[in-house]
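A quick write-up on the structure given underneath.
Number of protein chains: 2
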Amino acid sequence: MALDALNTIDTETPALTLADKALQAIQTSIIKGELAPGSKINEQMLAQRYGISRGPTREALLTLERRRLIVRIPHVGARVAQLSIDELGDLYRLRSVLEGMACELAAKHISPTALMQLQRLMDSQEESLAKGDTYFQQDGDVDFHYRIIRASGSKHLQETLIGNLYHLLRMYRYQCTSETRPTKAIAEHRRIVEAIAAGDGELASLLMRRHIEQGRINTEKRLKALQAE
Amino acid sequence: MALDALNTIDTETPALTLADKALQAIQTSIIKGELAPGSKINEQMLAQRYGISRGPTREALLTLERRRLIVRIPHVGARVAQLSIDELGDLYRLRSVLEGMACELAAKHISPTALMQLQRLMDSQEESLAKGDTYFQQDGDVDFHYRIIRASGSKHLQETLIGNLYHLLRMYRYQCTSETRPTKAIAEHRRIVEAIAAGDGELASLLMRRHIEQGRINTEKRLKALQAE
DNA sequence: TACCGACAGATTGTTGACAATCCAAACCAT
DNA sequence: ATGGTTTGGATTGTCAACAATCTGTCGGTA
C-alpha cells in the first residue's frame with residue numbers, strides 16, 4: 000500500500016501536471032534502482048504503468064535526461080544511466096568545488112534566521128543520533144547540504160547543484176551506501192556550521208571539501224564492491 | 000580522408016528531429032533578442048511559424064527552460080528570460096569558479112594535439128585581428144573557452160558549463176556587447192594557454208578568473224546603459 | 001560458414017483534436 | 001463609481017492515432 004503509493008500517480012490534485020507527477024514517480028524508481036542502471040526504458044510501458052499517455056511521459060523523460068538519470072538517443076530510446084567509478088569521481092570533484100563555493104558565500108551572506116535553523120538542525124540530528132535513531136540520517140545529510148547551498152544566495156549555484164547534480168548524486172548514494180558514518184559526519188557538519196557562523200568562509204569551504212571527499216571515498220568503496228560481483 | 004569515410008560508421012549522425020531544429024531556431028531568436036526578454040511565448044504561434052505541430056515545439060521549450068532562456072509557469076505559459084545585473088553577477092561568479100577549475104584540470108590533462116590546436120587557434124585569431132577582421136571575434140572567444148573546458152576532461156563540468164550556463168551567457172553577451180576588446184582579450188587568452196602549456200594550473204586558473212571578471216565588467220557596463228533607457 | 005541485404009515487428013517522433021485551466025472584459029450589486 | 005462575480009475567449013495540458021525510424025531475423029550468396 001505504502002509502496003504502491005510511491006509508484007502510483009495521484010489523480011486528485013490537479014495543481015501539478017501529469018508530467019510532473021510522472022517525473023517524480025519515475026525518478027524515484029530510478030534512484031532506488033527499481034529501474035536498474037543500464038536497463039531500457041519503454042515510453043509506452045511507463046505510460047501504461049502510470050495510467051497516462053505518452054505525452055507527459057515523454058516530458059518527464061526529457062527532464063530526467065537533463066538530470067542525467069537517463070540517456071536518450073534519438074529514434075532509439077532511453078536507458079537508465081550507468082554508474083561508474085570514473086563518473087563518481089568526476090561528479091564529486093565538481094560537487095566539491097561548488098559546495099566549497101557555497102560555503103564561502105554562505106559565510107558572507109547567511110541570514111541570522113537561516114543560521115539559527117541550521118544550528119537547530121544540527122541539534123536535532125545529534126539528539127536523534129544519541130537515541131540511536133538512524134532512520135533519517137540520509138535525509139538529514141541531504142537537508143544539511145541543501146540549507147547551506149540555499150544560504151549561499153546564488154540562484155545559479157543552487158540550480159546547478161540542487162536542480163542538476165544532486166539527482167544523480169542521490170542515485171549513487173542510494174544505491175551505494177548502506178550504513179552511513181553518522182557520528183563522524185555530523186561532527187564534520189557541526190564544524191562547518193561553526194565556521195560559517197564565524198564568517199570564516201575559507202575554513203568552511205576547506206572543511207566542506209574534505210567532508211565531501213570522505214563521502215566520495217565511502218561511496219566509491221561501496222560501488223567497487225557492488226561492481227565486483 | 001576518403002578512406003576514413005569508407006571505414007567509418009556514421010555513429011555520430013545528427014539524426015535531427017523536428018524538436019531539435021525548433022530548439023535551434025527558437026534559441027537563436029531568443030539570444031539575438033528577436034524574441035524580446037520578458038515577452039510572452041505562444042506555443043501555437045511558434046509551431047505555426049516553423050510549420051510544425053505543438054508537440055516538438057513544447058519539447059524545445061522544455062529544453063529552453065532548462066537552459067534558463069525562458070521561464071515557464073504551469074497552465075500559464077512561457078516568457079523569455081529577463082536580463083538583470085544581479086543575475087549577471089551571479090552567473091559570472093559561478094562561471095568564474097567553474098572555468099578556473101577547467102583550467103586547473105586542463106593544465107594536468109590536456110593532450111598534445113588539443114594543446115596544439117589551441118595554440119593554432121590563438122595564432123589565427125591574432126592574425127585575423129592584425130588584418131582588422133573582427134567579424135568572428137565573438138565566435139572565436141567562445142571557441143577558446145569551449146576548447147579549454149573540453150580539455151578539462153570532466154564530463155560534468157563540460158555539461159554544466161556548455162550544456163547549461165553558456166546558453167544564457169551567450170544571450171547576455173549578444174545583447175550587451177557591441178564592440179569587444181579584442182586586443183586585450185586575445186593577449187589574455189594567450190597567457191592562459193601558456194600557463195596551461197607549462198602545466199601551471201594554478202596560474203592558468205587565476206588568469207582565467209581575472210579574464211572572466213573583465214568580461215563581466217564589460218558586459219555589466221553595457222547592460223546598465225541598456226537598462227537606463 | 002560468414003557476410004550482406006531485404007523484411008517484419010516494435011519503438012519512437014509527430015500530428016490534430018479534445019479537455020482543463022487561466023485571463024480579461026463585461027456585468028451586477030452596493 | 002467601485003468591488004466582486006460571471007462568462008467568453010484564448011492558451012496550455014492531455015490524448016489517441018498515424019508516420020518515420022530502428023532493431024533483429026531471415027534468407028540468399030560468395
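Protein sequence lines correspond, in order, to chains Y and U. Numbering that gives the first Met the number 0 applies: residue 0 is where the first sequence begins, and numbers increase by one. Numbering that gives the first Met the number 0 applies: residue 0 is where the second sequence begins, and numbers increase by one. We put the CB at the ideal spot given by N, CA and C, even for glycine. If you're wondering where the values come from, they're calculated on a predicted model, not measured in any experiment.
Closest option to Y/Leu87, judged by alpha-carbon separation, among Y/Leu168, Y/Ser110, Y/Ala227: Y/Leu168. Y/Ile84 sits in a helix when the DSSP states are folded into three classes. What U/Glu86 touches in chain Y, judged by beta-carbon distance under 9 Å, is Lys154, His155, going in chain order. Note: U/Val79 is bridge-paired with U/Ile69 in the DSSP secondary-structure output.
Close partners of Y/Glu58 in chain U (Cβ separation under 9 Å): Arg57, Glu58, Leu61. Chain U places a beta carbon closer than 9 Å to that of Y/His74, counting this residue as a contact.
Under the 9 Å criterion on CB atoms, U/Met121 is classed as non-interfacial with respect to chain Y. The beta-carbon of U/Arg92 is placed less than 9 Å from the nearest beta-carbon of chain Y.
Under the Cβ criterion of 9 Å, U/Gly214 is not counted among the residues facing chain Y.
For U/Leu164, the closest Cβ of chain Y is nearer than 9 Å.
When C-alpha distances from Y/Val192 are compared across Y/Leu63, Y/Ser110, Y/Pro73, the shortest belongs to Y/Ser110. Leaving aside the five residues that flank Y/Arg208 on each side, the residues in its chain whose CB is nearer than 7 Å to its CB run, in chain order, Ser95, Gly99. Here Y/Asp122 is exposed. Its C-beta has fewer than 16 other C-beta atoms within 10 Å.
Within its own chain, the residues whose Cβ lies closer than 7 Å to the Cβ of U/Ser153, once the five positions on either side in sequence are excluded, are Leu104, listed in chain order. For U/Gly54, a Cβ of chain Y is located within less than 9 Å of the residue's own Cβ.
In the three-state reduction of the DSSP assignment, U/Lys130 falls in the coil class. Spanning the alpha carbons of U/Leu156 and U/Leu15 requires a straight line of approximately 25 Å. Closest in alpha carbon position to U/Gln116, among U/His144, U/Leu90, U/Met170, U/Tyr91, is U/His144. Taking CB atoms only, U/Val141 has no neighbour in chain Y less than 9 Å away. The C-beta separation of Y/Ile40 from Y/Gly76 comes to about 7 Å, placing the pair in contact by the 8 Å criterion.
Apart from the 5 residues on each side of it in sequence, U/Ile29 sits with its Cβ closer than 6 Å to the Cβ of Leu68, Val79 in its chain, given in chain order.
Under the three-state reduction of DSSP output, U/Ile25 falls in the helix class. Ranked by Cα distance from Y/Ala186, the first of Y/Leu120, Y/Thr176, Y/Ala46, Y/Met170 is Y/Leu120. Secondary structure note for U/Ala46: its alpha helix (DSSP H) is the uninterrupted segment 42-49.
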